[in-house]
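A.B. asks: If you read the protein sequences in the order shown, they are chains A and B. The opening residue of the first sequence carries number 3 in this note's numbering; numbering runs sequentially from there. The opening residue of the second sequence carries number 340 in this note's numbering; numbering runs sequentially from there. Just so it is clear, CB atoms sit at the ideal spot from N, CA and C, and this is done for glycine as well. Provided herewith is a single structure, encoded as structure tokens, for subsequent inquiry.
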Amino acid sequence: MAAVDHDRAAQVGAQPLDVKAIRSDFPILDVEVNGRRLVYLDSASSSQKPRQVLDAMTRYYETTHANVHRGVYAIAEEATRQFEEARAKLARLVNARSAREIVFTKNVTEAINLVAHSWGRRNLTAGDAVLLTEMEHHANLVPWLMLAEERGIELRYIRLTADGQLDLSDLDRLVDGVKLVGVTCMSNVLGTINPVAELAEAAHSAGALFLADAAQYVPHLATDIQQLGCDFLGFTGHKMLGPTGIGCLWAREDLLEEMPPFLGGGEMISDVRLDGFLPADVPWKFEAGTPPIAEAIGLGAAVDYLTGLGMDAVRRHEVELTSYALCKLAADHPDLVIYGPADPASRGGVISLALGDIHAHDLSQVLDTAGVCVRAGHHCAKPLMRHLGVTATARASFYVYNDESDVDALSEALAEARKFFG
Amino acid sequence: MPGLEDLYREIILDHYRNPRNRGELECPPAHRYEGFNPLCGDEIVLYLDVRDEKVVDLKIAGQGCSISQSSASMMSSAVKGKTLDEARALLRAFKAMMSIHEARLDAEDRELGANGQGADGEEAPPMGDLEALQGVVKFPVRIKCATLAWNTLAQGLDGANGSAGPS
Ligand SMILES: Cc1ncc(COP(=O)(O)O)c(C=O)c1O
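Written out as structure tokens, the structure is:
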């Protein structure tokens with residue numbers, strides 16, 4: 003089995019990140035909030051953007067903006083070249099066999115909706131089953147629930163163990179007879195990194211396809227779709243230093259060839275008559291209308307930035323920072339509940355927490371006065387929240403520009419919150 | 340920047356720690372209404388017992404932050420024993436207090452106002468403890484927390500309008 007070793011980063015001795023230098027690339031980190039330095043701990047929701055990304059987008063608008071795949075003049079050709087180059091960068095990032103396997107979408111939500119709408123409507127009929135997990139983001143639940151309502155397909159769920167891992171004890175029975183298995187690579191609430199390769203193999207043995215929601219994975223770990231064994235994998239640009247409005251569906255080319263178009267319009271056709279149309283080749287068949295060109299180019303620059311750091315170095319940094327945070331927070335706050343796996347090597351830099359009986363909303367309000375940004379709420383994973391028996395958690399999450407001083411600021415702010423509500 | 344004290348007034352924290360009218364009522368005769376804040380997952384369950392155009396009893400269940408829970412608690416004290424018309428007037432007055440950011444969007448409220456018995460012409464009912472929630476408007480994202488219980492009450496009052504509400 004092609005097990006993926008999440009601790010490879012540490013073993014290959016990736017260089018530590020120079021966080022000070024990285025921070026100087028992010029203009030927003032100089033902003034003051036309430037007279038305090040900005041302590042941004044909400045990258046799992048959306049990451050900040052380095053100057054390199056902002057500059058790439060501005061440069062594009064200032065020097066070569068034109069619609070893509072249309073004009074035959076120089077700047078239009080240059081716009082098209084940059085747009086398609088961004089696609090190639092994404093293909094290399096996830097080790098796709100070809101850039102033709104990369105479909106630009108608005109975000110990962112649209113990527114999954116594309117699969118449900120196009121592949122799902124073509125291949126699933128009443129009684130067919132799709133296997134998901136209890137820890138999915140709504141983005142990988144609601145499109146399937148909509149299809150279930152429309153088509154009468156059956157949805158099954160992999161449940162969770164007490165420490166927030168997928169309970170695979172019953173996997174053989176659950177996967178038997180399903181047509182698709184859809185799993186988040188990493189939980190946006192618990193940080194749990196799921197055994198994607200193992201699940202993909204189980205799906206394939208059962209004759210099913212495997213879809214990965216990699217929104218929290220691609221930004222943080224070296225991703226190799228061939229090693230993971232996925233058939234579909236979606237991710238979203240704004241969580242990986244890129245702009246909003248751009249995401250990606252990677253899918254096996256033969257699957258894309260077979261799938262009917264998603265949205266209809268310009269750009270996605272090769273011929274249109276009054277009585278019919280011929281779709282364009284993949285991947286353009288799935289990209290109706292003028293795409294988010296500057297956003298794609300910005301995402302390409304974000305990929306350059308991340309690969310410049312090295313994804314193994316990014317992972318190593320986050321494992322170390324998460325270890326520090328788990329120890330520091332537990333030592334400073336004995337009454338703090340931290341959800342999810344205890345071992346930093348099997349989780350990402352996402353820490354959902356509860357402090358005594360202070361509600362997550364109230365907690366994050368107090369943290370805000372200290373300039374500390376965390377997310378409070380259900381994190382678009384209500385079934386998971388029900389499993390945890392809570393309506394909301396406060397969630398701190400890390401990225402390349404965070405360091406131990408941010409964790410210390412969080413810990414101090416938690417102490418202030420306890421004082422306020424104590 | 341408004342301080343935390345503007346938001347978390349002592350009386351709010353008191354209602355949060357010692358919520359009034361907490362519990363459930365048997366349905367029927369009472370009716371049960373649910374309110375959700377889809378942004379944060381807060382939930383309010385309102386049990387409303389209306390007889391002869393009067394709120395004879397109500398109870399609150401559910402979970403949420405200090406603002407949503409204290410607002411629910413204050414709402415329950417303010418509305419209990421009131422006639423439906425009095426409860427509606429309180430609802431309007433509370434929404435007006437919170438409406439700085441919602442006002443222009445909330446066409447329904449404006450309609451009520453235009454119908455003659457709306458917030459403009461009418462004498463505002465005394466708000467009592469509810470005044471403490473005034474500070475919430477300085478924290479726009481928390482307005483939804485404060486109005487959750489009231490929106491749920493609005494459902495209940497609508498339900499009580501026709502004779503058969505949801506059970
Ligand atoms: C695991 C997971 N899936 C899907 C999403 C949705 O991302 P987007 O809103 O960019 O489509 C998120 C982020 O919110 C996520 O964490």
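1) Here's a check: name, in chain order, each residue in its chain whose Cβ is nearer than 6 Å to the Cβ of histidine 354 of chain B, leaving out the five neighbours to either side.
2) Could you name the residues of chain A that serine 438 of chain B contacts, counting a contact when the two beta carbons are closer than 8 Å?
3) Using the Cα positions of isoleucine 195 of chain A and proline 377 of chain B, report the straight-line distance between them to the nearest angstrom.
4) When every heavy atom of ligand 1 is checked, does at least one fall within less than 7 Å of the C-beta of glycine 379 of chain A?
5) Use the C-beta contact count for asparagine 36 of chain A: other C-beta atoms within 10 angstroms, 16 or more gives buried, fewer gives exposed.
6) Any heavy atom of ligand 1 inside 7 Å of the beta-carbon of cysteine 382 of chain A?
7) Three or more C-beta pairs under 8 Å: does that hold for the region 119-139 of chain A against the region 178-193 of chain A?
8) Counting contacts by CB-CB distance shorter than 8 Å, is methionine 387 of chain A in contact with chain B?
9) Should threonine 127 of chain A be labelled buried (16 or more other beta-carbon atoms within 10 Å of its own) or exposed?
10) Restricting to Cα atoms, I'd like to know which of B:Trp489, B:Lys477, B:Asp424, B:Cys404 is closest to threonine 356 of chain A.
11) How big is the Cα-Cα spacing for arginine 361 of chain B and proline 336 of chain A?
12) Taking DSSP as the reference, what is the three-state secondary structure of aspartate 364 of chain B?
13) Are tyrosine 62 of chain A and alanine 296 of chain A close, meaning C-beta to C-beta below 8 Å?
14) Looking only at C-alpha atoms, which of A:Pro221, A:Arg318, A:Phe423, A:Tyr401 sits nearest to leucine 95 of chain A?
15) Within its chain, find whatever has a CB closer than 7 Å to the CB of valine 110 of chain A; leave out the 5 residues flanking it on each side and keep chain order.
16) Counting only beta-carbon separations shorter than 8 Å, does threonine 111 of chain A have a partner in chain B?
17) Given 7 Å as the limit, tell me if threonine 324 of chain A has its C-beta closer than that to any heavy atom belonging to ligand 1.
18) Roughly how many angstroms separate the alpha carbons of phenylalanine 288 of chain A and proline 263 of chain A, rounded to a whole number?
19) Just mark glycine 358 of chain A as buried or exposed, buried being the case when its beta carbon has 16 or more other beta carbons within 10 Å.
20) Tell me which residues share the same chain as alanine 378 of chain A and place their Cβ nearer than 7 Å to its Cβ, disregarding the 5 neighbours each side in the sequence.
21) Within 8 Å (strictly less), CB to CB, does cysteine 484 of chain B reach chain A?
22) In angstroms with no decimal places, state the Cα-to-Cα distance between histidine 440 of chain B and glycine 474 of chain B.
23) Please return the same chain residues whose Cβ sits closer than 8 Å to the Cβ of leucine 257 of chain A, not counting the five positions on each side in sequence.
24) CA-CA distance, aspartate 468 of chain B and arginine 431 of chain B?
25) Express the C-alpha separation of phenylalanine 400 of chain A and arginine 356 of chain B in angstroms, rounding to a whole number.
26) State the Cα-Cα distance for the pair proline 368 of chain B and glycine 129 of chain A, rounded to the nearest angstrom.
27) Beta carbons nearer than 8 Å to chain B: which residues of the region 343-371 of chain A have them?
28) Please compile the residues from chain A whose C-beta is within a distance smaller than 7 Å of the C-beta of glutamine 402 of chain B.
29) Output needed for valine 33 of chain A: all residues of its chain with C-beta closer than 8 Å, excluding positions within five of it in sequence on either side, in chain order.
30) On the criterion of 16 or more Cβ atoms from any shown chain inside 10 Å, does tyrosine 386 of chain B qualify as buried, or is it exposed?
31) List, from N- to C-terminal side, the beta strand (DSSP E) runs of 3 residues or more that fit wholly inside the region 353-399 of chain A.
32) So with CB distances below 7 Å, who are the chain A contacts of glutamate 382 of chain B?
33) Hey, is threonine 135 of chain A close to ligand 1, as in C-beta under 7 Å from one of its heavy atoms?
34) Closer than 7 Å, Cβ to any Cβ of chain B: which residues of the region 277-291 of chain A, in chain order?
35) At a Cβ threshold of 8 Å, is glycine 379 of chain A touching chain B?
36) Among A:Ala282, A:Leu43, A:Thr324, which residue has its Cα nearest to the Cα of glycine 266 of chain A?
C.D. replies: On the basis of the supplied data:
1) Walking along the second sequence from the start, residue 354 of chain B turns up at place 15. The residues are Ser409, Ser412, Met413.
2) The residue labelled residue 438 of chain B in the question sits at position 99 within the second sequence. Under the 8 Å cutoff, chain A gives no residues; its nearest Cβ is about 21 Å from serine 438 of chain B.
3) Numbered from 1 along the first sequence, position 193 holds the residue referred to as residue 195 of chain A. Numbered from 1 along the second sequence, position 38 holds the residue referred to as residue 377 of chain B. When rounded, the distance between both Cα atoms is 27 Å.
4) Counting from 1 along the first sequence, the entry for residue 379 of chain A is found at position 377. Within 7 Å of the C-beta of glycine 379 of chain A there is not a single heavy atom belonging to ligand 1.
5) Here residue 36 of chain A refers to the residue found at position 34 when the first sequence is read from its first residue. Around the C-beta of asparagine 36 of chain A, fewer than 16 other C-beta atoms lie within 10 Å, and the residue is accordingly described as exposed.
6) What you label residue 382 of chain A is simply residue 380 of the first sequence in a count that begins at 1. Indeed, a heavy atom of ligand 1 lies less than 7 Å from the Cβ.
7) yes
8) What you label residue 387 of chain A is simply residue 385 of the first sequence in a count that begins at 1. Yes - at least one Cβ of chain B is within 8 Å of the one on methionine 387 of chain A.
9) Counted from its first residue, the first sequence places residue 127 of chain A at position 125. Classification for threonine 127 of chain A: exposed.
10) As a position in the first sequence, residue 356 of chain A is number 354, starting the count at 1. The sequence shown places alanine at residue 356 of chain A, rather than the threonine named in the question. Measuring from the Cα of alanine 356 of chain A, the nearest candidate turns out to be B:Cys404.
11) By 1-based counting over the second sequence, the position of residue 361 of chain B is 22. By 1-based counting over the first sequence, the position of residue 336 of chain A is 334. Each residue's alpha carbon lies about 30 Å from the other.
12) If you number the second sequence from 1, residue 364 of chain B lands on position 25. The identity of residue 364 of chain B in the sequence shown is leucine, whereas the question assumes aspartate. Three-state result, leucine 364 of chain B: coil.
13) On the first sequence, residue 62 of chain A is found 60 positions in, with the first residue counted as 1. On the first sequence, residue 296 of chain A is found 294 positions in, with the first residue counted as 1. Yes, the Cβ-Cβ distance between tyrosine 62 of chain A and alanine 296 of chain A is below 8 Å.
14) On the first sequence, position 93 is the one that residue 95 of chain A refers to. Among A:Pro221, A:Arg318, A:Phe423, A:Tyr401, the Cα nearest to that of leucine 95 of chain A belongs to A:Pro221.
15) By one-based count along the first sequence, residue 110 of chain A stands at place 108. Counting only Cβ-Cβ distances below 7 Å, and skipping sequence neighbours, we find Ala141, Asp215, Ala217, Gly236, Phe237, Thr238, Gly249.
16) Translated into positions along the first sequence, residue 111 of chain A becomes position 109. Answer no: the Cβ-Cβ gap between threonine 111 of chain A and chain B never drops below 8 Å.
17) In the first sequence, counting from the first residue as 1, residue 324 of chain A sits at position 322. Checking the Cβ of threonine 324 of chain A against ligand 1 gives no.
18) Looking up residue 288 of chain A in the first sequence gives position 286. Looking up residue 263 of chain A in the first sequence gives position 261. The alpha-carbon atoms of phenylalanine 288 of chain A and proline 263 of chain A are separated by roughly 5 Å.
19) Along the first sequence, one-based indexing puts residue 358 of chain A at 356. It is exposed - the Cβ of glycine 358 of chain A has fewer than 16 other Cβ atoms within 10 Å.
20) Your numbering for residue 378 of chain A matches position 376 in the first sequence. Closer than 7 Å at the Cβ level, and outside the excluded window around alanine 378 of chain A, lie Ala362, His363, Leu365, Ser366, Ala394, Ala396.
21) Taking the first residue of the second sequence as 1, we reach residue 484 of chain B at position 145. So, interface residue.
22) Numbered from its first residue, the second sequence carries residue 440 of chain B at position 101. Numbered from its first residue, the second sequence carries residue 474 of chain B at position 135. Confidence in histidine 440 of chain B is poor, its pLDDT being 41 and thus under 50, which makes the residue's placement too unreliable to answer from.
23) For the purposes of this step, residue 257 of chain A is taken as the residue at position 255 of the first sequence. Excluding residues within five positions, the ones whose Cβ falls inside 8 Å are Trp121, Leu211, Asp233, Phe234.
24) In the second sequence, counting from the first residue as 1, residue 468 of chain B sits at position 129. In the second sequence, counting from the first residue as 1, residue 431 of chain B sits at position 92. Answer to the nearest angstrom: the Cα atoms are 16 Å apart.
25) Within the second sequence, the letter at position 17 stands for residue 356 of chain B. Within the first sequence, the letter at position 398 stands for residue 400 of chain A. Computed Cα separation, rounded: 33 Å.
26) On the second sequence, position 29 is the one that residue 368 of chain B refers to. On the first sequence, position 127 is the one that residue 129 of chain A refers to. About 42 Å.
27) For the region 343-371 of chain A, the set of residues with a beta-carbon nearer than 8 Å to any beta-carbon of chain B comprises His361, Ala362, His363, Asp364, Gln367, Val368, Thr371, in chain order.
28) One-based indexing of the second sequence puts residue 402 of chain B at position 63. Residues of chain A passing the Cβ test: Thr393.
29) Your numbering for residue 33 of chain A matches position 31 in the first sequence. Correct list, in chain order: Leu40.
30) Within the second sequence, numbered from 1, the residue matching residue 386 of chain B stands at position 47. Tyrosine 386 of chain B should be labelled buried.
31) 377-379, 395-399
32) Within the second sequence, the letter at position 43 stands for residue 382 of chain B. What glutamate 382 of chain B touches in chain A: Thr393.
33) For the purposes of this step, residue 135 of chain A is taken as the residue at position 133 of the first sequence. No - ligand 1 has no heavy atom lying nearer than 7 Å to the Cβ of threonine 135 of chain A.
34) none
35) Within the first sequence, numbered from 1, the residue matching residue 379 of chain A stands at position 377. Interface residue, yes.
36) Start at 1 with the first residue of the first sequence, and residue 266 of chain A comes out as number 264. Taking only the C-alpha atoms, the option nearest glycine 266 of chain A is A:Ala282.
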